[in-house]
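Residue numbers (the numbering used here), protein chains in the order written: chain A, 1120 to 1347; chain B, 30 to 119. Yeah, the Cβ is synthetic: ideal placement off N, Cα and C, and Gly gets one too. All values reported here derive from a predicted model rather than from experimental measurement. Working notes, structure below.
Below is the structure:
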């Protein structure tokens, strides 16, 4: 049976249809999870997509984390459910405490809209289990506040725990240690600034998002196969 | 008691401030050559009904750490002023 992927929709999200399209292209089922609902239904995995949830007012993700749906996402993650935060979704997950650190304004203070090289650093995550360590993937970025930062202690935990999932080949935004994506201790929650759902076809520039989202769907299928 | 509250949110020392750096780099073009150490933050103002100043301060501190700031990169400086019913500082 196709895994069911729930895509959270906040007021101001704008990548939810891209994510659903990408999931369906890979054979998954995709459905919207409304931010005002406190239940995730029967989904096997959750994506928090990119955009500008609640207008990014105060800070990106600061208001979205209090949405009723986020309580359910936090419980789902605590229970081992696969959760992926892309771009603004990554910011929401850090604000919600599901991932450590924070995203601040890009070094150079420029909005970045370009395609970058990402090096796969570990395959022990829900986003990279079908990828190969050392592979360089070309994936678009599209952000103003993607400069990952954390305390030296957290950085040491991320490094020693093999929790840096993706690094930029050429650091575009000033992120500490070239970090583009990280995972939590349980390895079931991943956040990244680049947009794998926009790299699904060579015709449109790159298909390098495919192994990443295939990994996520594979984790969702595993979750679906577990007894409830 | 009604309190007028001002919260000044700023980036922690050591956290890079690209906005501040950009402003600082621009100032010499306008002839301001002596400006150093520009840091950009934000100011948030609101009124708060609370039993006394200690209770008001505790509530604002909680509000700041859970919502108004991201403690990973920001700190808050809180100013409280008691206001009388007419709305002016007492």
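- Note on residue 66 of chain B: under 16 other CB atoms within 10 angstroms of its CB, so exposed under the neighbour-count rule.
- The Cβ of residue 107 of chain B sits no closer than 8 Å to any Cβ of chain A.
- With respect to residue 1248 of chain A, residue 1337 of chain A sits close: the two C-beta atoms are nearer than 8 Å.
- When A/1157, A/1313, A/1149 and A/1185 are compared, the shortest CA-CA separation from residue 1173 of chain A is found for A/1185.
- Taking the C-beta atoms as reference points, residue 1148 of chain A is found no nearer than 8 Å to residue 1168 of chain A.
- Nearest CB-CB separation between residue 96 of chain B and chain A: below the 8 Å threshold.
- Scanning the region 67-99 of chain B for uninterrupted beta strand (DSSP E) segments of 3 residues or longer gives 71-78, listed from N- to C-terminal end.
- Between residue 1334 of chain A and residue 1215 of chain A a beta carbon distance of about 22 Å is seen, past the 8 Å cut, so the two are scored as non-contacting.
- Between the region 50-60 of chain B and the region 84-103 of chain B there are fewer than three inter-stretch CB-CB distances shorter than 8 Å, so the stretches are not counted as touching.
- Between residue 1217 of chain A and residue 1303 of chain A, the gap from beta carbon to beta carbon is short of 8 Å.
- For the region 1264-1284 of chain A, residues whose beta-carbon sits nearer than 9 Å to a beta-carbon of chain B comprise 1266, 1268, 1269, 1270 and 1273.
- Assignment of residue 1261 of chain A by DSSP, reduced to helix, strand and coil, places it in the strand class.
- Judged by their CB atoms, residue 1263 of chain A and residue 1209 of chain A are not nearer to each other than the 8 Å cut-off.
- Of all residues in the region 42-62 of chain B, only 44, 45, 46, 47, 48, 50 and 51 place a beta-carbon less than 9 Å from a beta-carbon of chain A.
- In the displayed model, residue 1230 of chain A falls within coil according to three-state DSSP, outside both helix and strand.
- Taken through DSSP and simplified to helix, strand or coil, residue 1266 of chain A comes out as strand.
- Taking 8 Å as the upper bound on Cβ-Cβ separation, chain A lies near residues 96, 97, 99 and 101 of the region 76-101 of chain B.
- Taking C-beta separations shorter than 6 Å and ignoring five residues to either side along the sequence, the partners of residue 1239 of chain A in its chain run 1247, 1250, 1252 and 1254, following chain order.
- Not one beta carbon of chain B lies nearer than 8 Å to the beta carbon of residue 1218 of chain A.
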